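S.K.:
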Amino acid sequence: MKKVLSNRWLQMAFPLLLLILCVIIFSALTGGRFLSQSNISAIYEQGLIVAISAVGIAFIYTTGNIDMSVGSIIMLAGIMGGRTWETTDSTALMFLVTFAAGAVMLYLNNVLSAVLGLRTVMAAILMMNIYNAVGAELLGAESISIYRAVRDIGKSNARLYIALLLFIVCLVAFHLTRLGRELRFTGGNERCAATVGINNKKIIAVGYLFAAAAVGIACVFTLIRNGNISSVASSMGSDLMLATVLGGMSIFGGHKSNCYSGVIGAFTVVILSNGLLMLGVSNTLIQGVRGVLFLVIVYLSSEHPDTLPSRNQFS
Amino acid sequence: MKNLKLMKKAAAILVSASMLAAMTGCASGDTDGGAESTAAEQLTYDEWMEEEPAVIGVCFSQINDEYNGYKSFLENYIGPQYNLDFIFSEQVDGIAAEIDFLESCSAQGAVGFIDFACNDMFQIADRCDELGIYLSVQMPLEEDEKELLEYDYFAGAAYTDNAEIGEQYAQGLEKVMEGSELEGLLLTTGIAANGNLQHIETGLNVLAGVAEMADLTYTEDTYDLVTSSSAIQVENSQSLPIYIYPGSVANTDGYLAGLSAQLMTGNYNVVISSTTSYPQMMTVIDEAEQALGKDIKLISVASIGADLQTAMTNQDSFGNLTLEAAVIKPGTWIIGGLVVPLLNALTGYQDAYKTDGVSAEYVAGCFLVTTTEDMEVINTKDVPEDPSSWVMQTSNMEEMLGMYHQDITREEICEYFGQDLNGLFG
Amino acid sequence: MTANGNLKFLLQRTGLTLLIPVLVYVCMHIFCQVTSGVGLLAYSVDLKNLARTWVYSFAFSTGVALNFFNGRFDFSMGAQVMFGTIIGGNIGKILSELTGLNMGICILVCALVTGLLAGWLIGAVFTKMRILPMVYGLGIAMILECVCFAGFDSNGLILFGVEGTGILSELWFIGLIFLIVILVMSYFFSFTSFGYEWRAIQGSQQIASNSGINIFRNCIICYLLAGGLGGIAGVFNAAYSGTVLPELGLSTISEVTGNLFALFLGTFIGQWSNMIVGIFCSSLSVQLITIGLSKSGLSSSVQTVIIYLIFVVFLVFREKYSSAHVKKEKNARIVLAKKKRAELGAA
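Residue numbers (our numbering), protein chains in the order written: chain F, 5 to 319; chain G, 27 to 452; chain Y, 5 to 351.
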C-alpha cells in the first residue's frame, strides 16, 4: 500500500482521480441530482474565483512563501471599487480600480516583507488585519449593491475566457519558461539557488507580479459574482491553502510545484461542500465532516517525510 | 527523458484546460429553474399533502441555540404537518455564501427560500425570480426596497416591529426607574452607526423616553447621536450624564474594558443594551456595582433561552435581578410567519399573499419582561422538546392559510399576525 | 564573574526586560489622561480587567509560541482554547455539582486537563500524519469548532451567575495561576531536557534528530502544553466575559493572528531573560495598549489600525536593532582581532 501511494505517477494523478471519484460518489448517492446542469453551474461559479486566485498564488507558494491576506485584499479592493462606482457610476472604472487596488495591495506584502526582513506570511497577516480594520472603517456594516450594474456581465462568458487566458499564460510561464524553473529552484533551496546565480528577491518579486495580476482579476470576478460589496473579508486565504494542498501541491513549494493544483483543489472543495449539503448532512456537522475529509485526503495525497514537516515562518 | 518531460507537461496542460473548457457549458447564467412552483389551481390541504414534499431552503445568518430551536420547529413540527422538506444552511456571513446556498438549493429542486441573512435583498429577490423560487425574508424593508413586494416570487417579509422594540425599551426604562432617580444612562448602540434599523430605533426611543422622564432637551439631533461611530457624551439641557457607546463584544477589541471604565466613573446607574450581548456585559456591570457600592440597572433585548433564564433568576449584590428588563421577540411566531406566505403561494392562493400584485410585510409585536415570574412564563415557550410549547401552533398557522380559508386575504393575515400576543404568552 | 558583576548583570537584564512594559504604561497613562481625563488603571476594576485579559493573552501566546518557533504555525490554537473551555468547563461544572468542590477551581482544572488531553491527541495524530502543520491546523480547527458547537446544546460555557466562579476573577487567584504557569513553563524550558531539545530542534530539526533527539516526543509535548495553556486561557476569558459561545466558520483563526504581536514582542524582550518572561511582559504591554485605546472612545477599527501600526513600527525597529546589534558585535570582533594581531606582532 505504501509503495502504491508513493508511486510518483499516482501521486501526480491522485488529485484529479479524487475529484472524479467525489463526483461519481455524490452522483450515485444523490440519484444523479448532483450532475444536474444547475448544480454543475453552481460548482463552476463557486469554484472559479478560488481557482483563478490559486493559479496566481501558486507563484508565491512555489518559492516557499505563504500569503493569507487575499480575502482581506479582495474585500478592501471591492470597497475601493464600489466607492468609485458610487461616485462615477462607471462600471469599467470600478473594475479598473478594483483590479489595480487588489494587485497593488498583494504586491505590497512582498515589499513589506523585504523591508521588515520577515517571511511573507507574517507580513501578510499584519496587512490582513490592517486591511480588515480599514475596510470596517470605510464601510462598517453597510454594503454597496452593484448587482444591477454587473448582472449582464455575470451572465456572459467573459469571465471564463479571461480565466482561460490567465490560466494558459500562467501555465506557460510556470512550466515552460526559465522563470518557472527559477521559482521552483528558489522554493526548493534558497541558498543553492542563490549560489547558482538566481537573485531570490527578484524572482520572488516577479512571482508576486503574476500573483498580483491573478488576485486583481479575482477581485473583479468577486464583484461580478457577489454583486454586493461589504466589509466582511472572506476566508480566501485559508481556502487557497486548502485548495492548493488538495490539488496535490505542497504550500511550502519546491521543485514539485505546479500552478494547476489549485484549480483542481478549488473545484474539489466546492464539490465536497455541495455534495455534503445535497446528502443532507446536518448544517451543524457539515464543517466537522469536511474537516475530517480534508485531513484524510491531504494525508493520502501528501508525501510523509521521515522527520516532521516544518518551515520557519518567522524570518 | 526530454520527451517524457514534455509529454508530462502536455498531459497536465491538456487535463486542466479540458476541465476548464468543460465548464464552458456551465458559464452561462441560465440554469434549470426550480420545479414548477405555482400550482395552476388552488389546492386543499389533502390535495397538497398528496403532492411530493416541497423543498424549502433556510438560510441562517448565524448558528446558535436560538437558531437550532427554529430548525427543530421547522424540521420536526412544520415540515411533517405541511408536507415540507427543509434544507438548512451553514452559518452565512456574507452575500457570497448566501448566493452559494441559494444555488445549491435550486439544484436540489427547492421551490421556496427563507432568508434570515438578507445581505442583498434585491439580488436575492432577482435570483429567486430567475430561478422560480418563492422568497420569504426576515427583515424589515427600507423605503427603496418596497418595490420588492411587487416581484412575482417575493412572497413576503415577517419580522418584529423595530419601532415597537424601541417603545418597549422606553417602557422598560420607565418601569425599572419607578421609585428611583435616573442619575445617568449608558446606551450601547451596537451597529446603529452602520445603519442597523433595530439598533437605531432602540436608541431613538430610549433617548426620547429619557427626555420625557427627565424633562430635558438635546442640543444635537438624536439620529446623529445614535448613529455616531465613536463613543460620545450626549449634551442636554439638564446636564444628565448620557453616554453613547457603539460597537459590541463580538467585533470590538477592548469593548468590555471601555464599558467598565465608563461605569467606574460612577456617573451612570442605567445601562441599556441594543444588542443581545448582555451575558457578556453582566460580569463587568456586577463588578462595577460592587466597587462603587451602587445599583446599576440593565435593560436589553433578549431571546428565549438559557442566558435569559440565568439573567432573570440571578440577583446582583443589591438583591435586584441582574437583567432588570428584557425586550423579547416572539420566537417561532415570526418563523411561522415566514412559512405562511410561501405555503399560500405554493398552494395557489394568490389573494392570500398578494393584493393587486403586491406582497405584504407581516409585522409582529414583542414583549417586555421585568420580573422572574414573567420570565418563567416566557421560558416555557419554544422548547424544542415540547411541540405544544411553540409560540406558533399549527392552529394559528391554519388561521392564515388559504388551504383552510379559501377566501382569506392578505390584509386579514397581516391583522391576525400582528395581534397582541400577550394572550398566547399567558 | 564576581558577585557584584553578577548582581549588575542581573539588574541590567531585569531593567531591560521591564523597560518596554513600563514605557508602554507611562505612554498609555498620559494618553488616557489627555483623551478621557482619567488614568490608565484608575480603578480597582481596571486592574481586574487587565489581569484577566493579560493571563488570557499570556497563556494563549505561550501556547502558540511552543509550536511556532519549531516551524509549526498552528492555526488550531484558537479552536483548542474553545474546546478546552467549553467541553472541559462544562465537565467541571457537572463535576462540581456532583462532588461539591469549588466550582471555579473545578472548571479550571477540568479545562486544563481537557486541553492537555486534546493537545496530546492532536500532537500524536500530527506525528503520525506528518502533513503540513498549517493545513493540519486548519483541519483540526474545523473539527474542534464543530465538536464545540455540537456539544452541550450549542450553549457554550456560561459562567455568569454560577456560584463559586467568583474566584476566577480574584486578583490573588489570577496572580497565583500566573506564578504557577511561569514557574512550570520556565522550569520546563530551562531545567529539563524538553527545553534543551526544543531549542535544538528550533535550530535544525534534521540535526537534532540525527543527534538522537526524539523530535516526535518533543512535538507531542509541545502540543500537549499548548492545549493545557489554551484551557487555562479560555477559562479566564470566560470569567471575564461571562460566557463563551461556540463559533463556526474558522473564526477562531483570528485569535491566533491577533496574538502575534504579543508573540513577536515577547521574543524580543525574551532575549534578556527567557521566552516565557518575555511573553509575560509583552502580553502585559499589548493589553495596556488595548485598554488605553478602548478608554479613548475611538472606533474599534481605528483602534485596530493603531495597534497594528505600532506592531509595524516595532518590527521595523526590531529589524534595525538586529542589524545594529550584529554590526556592533562584528565591529567588536574586528577590534579584538586587530588587538590580537598587534599583540602577536609585538611578540
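Glycine included, C-beta positions come from ideal geometry on N, C-alpha and C. Since this is a predicted model, take the numbers as computed values, not measurements.
Measure how close the beta-carbons of residue 78 of chain F and residue 240 of chain F come, nearest whole angstrom, since I'm counting them as under 8 Å.
M.R.: The pair is a contact, with the Cβ atoms about 6 Å apart (cut-off 8 Å).
S.K.: In chain order, what residues of the stretch 84-109 of chain G put their CB closer than 7 Å to some CB of chain Y?
M.R.: The residues in question are 89, 90, 91, 94.
S.K.: Under 8 Å, with one C-beta from each stretch per pair, do the stretch 133-147 of chain Y and the stretch 288-305 of chain F reach the 3-pair mark?
M.R.: Yes, they touch.
S.K.: What is the rounded straight-line gap between the Cα of residue 291 of chain Y and the Cα of residue 275 of chain Y?
M.R.: C-alpha separation (whole angstroms): 21 Å.
S.K.: Whole angstroms is fine: what's the gap from residue 154 of chain Y's alpha carbon to residue 278 of chain F's?
M.R.: Their backbone Cα atoms lie some 21 Å apart in a straight line.
S.K.: For residue 329 of chain Y and residue 62 of chain Y, I'd like the C-alpha separation in whole angstroms.
M.R.: If I take the Cα positions, the gap works out to 27 Å.
S.K.: Keeping to the same chain, check which residues put their C-beta closer than 7 Å to that of residue 445 of chain G; ignore five residues upstream and five downstream.
M.R.: There are no such residues.
S.K.: Would you call the CB atoms of residue 69 of chain Y and residue 267 of chain Y closer than 9 Å?
M.R.: Yes.
S.K.: Note the first and the last residue of the continuous beta strand (DSSP E) segment covering residue 82 of chain G.
M.R.: It spans 80-85 - the beta strand (DSSP E) in which residue 82 of chain G sits, taken as one unbroken run.
S.K.: What span of residues does the beta strand (DSSP E) with residue 215 of chain G cover, start to end?
M.R.: Run containing residue 215 of chain G: 211-216, per the beta strand (DSSP E) assignment.
S.K.: Does the distance from the C-beta atom of residue 80 of chain G to that of residue 138 of chain G stay below 9 Å?
M.R.: Yes; because the gap between Cβ atoms is below 9 Å, this pair is in contact.
S.K.: Could you give the distance in angstroms between the alpha-carbon of residue 245 of chain F and the alpha-carbon of residue 11 of chain Y?
M.R.: Spanning the two alpha carbons is a distance of roughly 51 Å.
S.K.: Looking at chain Y, is there any beta carbon in it that lies within less than 9 Å of the beta carbon of residue 306 of chain G?
M.R.: Yes, its Cβ sits closer than 9 Å to a Cβ of chain Y.
S.K.: Residue 445 of chain G versus chain Y: which residues are under 7 Å apart at the beta carbon?
M.R.: Chain Y residues near residue 445 of chain G: none, gap ~31 Å exceeds 7 Å.
S.K.: Below 9 Å between beta carbons is the criterion; list the residues of the stretch 223-240 of chain G that meet it against any residue of chain F, in chain order.
M.R.: Per Cβ criterion, the list is empty.
S.K.: Against chain Y, does residue 117 of chain G count as a neighbour if the rule is that its beta carbon must be under 9 Å from one of theirs?
M.R.: Answer yes: the Cβ-Cβ gap between residue 117 of chain G and chain Y drops below 9 Å somewhere.
S.K.: Along the chain, which unbroken stretches of the alpha helix (DSSP H) at least 4 residues long are found entirely within the stretch 97-160 of chain G?
M.R.: The stretch 97-160 of chain G contains these whole alpha helix (DSSP H) runs: 105-108, 121-133, 147-157.
S.K.: In chain F, what lies closer than 9 Å to residue 146 of chain G by C-beta?
M.R.: Chain F residues near residue 146 of chain G: 147, 149, 151, 230, 231, 232, 234.
S.K.: Roughly how many angstroms lie between the CA atoms of residue 70 of chain G and residue 434 of chain G, to the nearest whole one?
M.R.: Roughly 13 Å between the two C-alpha positions.
S.K.: With a threshold of 16 other CB atoms inside 10 Å of the CB of residue 127 of chain G, please say whether the residue is buried or exposed.
M.R.: Classification for residue 127 of chain G: buried.
S.K.: Any residues in the stretch 76-87 of chain F with a beta carbon nearer than 7 Å to a beta carbon of chain G? Which ones, in chain order?
M.R.: Against chain G - using a Cβ distance shorter than 7 Å - the stretch 76-87 of chain F contributes no residues.
S.K.: Against chain G, which members of the stretch 18-37 of chain F pass a CB distance test of less than 8 Å?
M.R.: Those would be 20, 37, in chain order.
S.K.: With distances taken Cα to Cα, identify the nearest neighbour of residue 265 of chain Y among Y:49, Y:161, Y:8, Y:66.
M.R.: Comparing Cα positions, the closest option is Y:66.
S.K.: Whose C-beta lies closer than 7 Å to the C-beta of residue 226 of chain G among residues of the same chain, with five residues either side of it excluded?
M.R.: So the list reads 218, 252, 253, once near-sequence residues are dropped.
S.K.: Run through the DSSP bridge pairs and tell me what residue 183 of chain G is partnered with.
M.R.: Its beta-bridge partners are G:163, G:387.
S.K.: With a CB to CB cut of under 6 Å and the five nearest residues on each side skipped, what residues in its chain are close to residue 362 of chain G?
M.R.: Same-chain partners within the cutoff: 418, 423.
S.K.: If you measure beta-carbon to beta-carbon, which residues of the stretch 120-135 of chain Y are closer than 8 Å to chain F?
M.R.: Within the stretch 120-135 of chain Y, the residues whose Cβ lies closer than 8 Å to some Cβ of chain F are 130, 131, 133, 134, 135, listed in chain order.
S.K.: Rounding to the nearest angstrom, what Cα-Cα distance links residue 133 of chain Y and residue 185 of chain F in this structure?
M.R.: Taking the straight line joining both Cα atoms gives about 30 Å.
S.K.: For residue 324 of chain G and residue 164 of chain G, what's the separation of their Cα atoms in angstroms?
M.R.: The straight-line gap from Cα to Cα measures roughly 27 Å.
S.K.: Given a cut-off of 9 Å, decide if residue 124 of chain G and residue 152 of chain G are closer than it, judged by their beta-carbon atoms.
M.R.: Cβ atoms of residue 152 of chain G and residue 124 of chain G: not closer than 9 Å.
S.K.: In chain order, what residues of the same chain lie with their CB nearer than 7 Å to the CB of residue 284 of chain Y, ignoring the 5 residues before and after it?
M.R.: Around residue 284 of chain Y: 62, 186.
S.K.: Sort Y:278, Y:76, Y:247 by Cα distance to residue 169 of chain Y and report the nearest one.
M.R.: The option with the nearest alpha carbon to residue 169 of chain Y is Y:247.
S.K.: For a contact defined as C-beta to C-beta under 7 Å, what are the partners of residue 411 of chain G on chain Y?
M.R.: Those within 7 Å of residue 411 of chain G in chain Y number zero; the least Cβ separation is about 11 Å.
S.K.: Please work out which residues of its chain come closer than 8 Å, Cβ to Cβ, to residue 123 of chain Y, disregarding the five sequence neighbours upstream and downstream, and give them in chain order.
M.R.: Within the same chain, residue 123 of chain Y has close Cβ partners 84, 227, 228, 229, 230, 231, 232, 234.
S.K.: At the 9 Å Cβ level, is residue 25 of chain Y part of the contact set with chain F, yes or no?
M.R.: Not closer than 9 Å to any Cβ of chain F, the Cβ of residue 25 of chain Y fails to qualify, so no.
S.K.: For residue 272 of chain G, which beta-bridge partners are listed by DSSP?
M.R.: Residue 272 of chain G is bridged to G:216.
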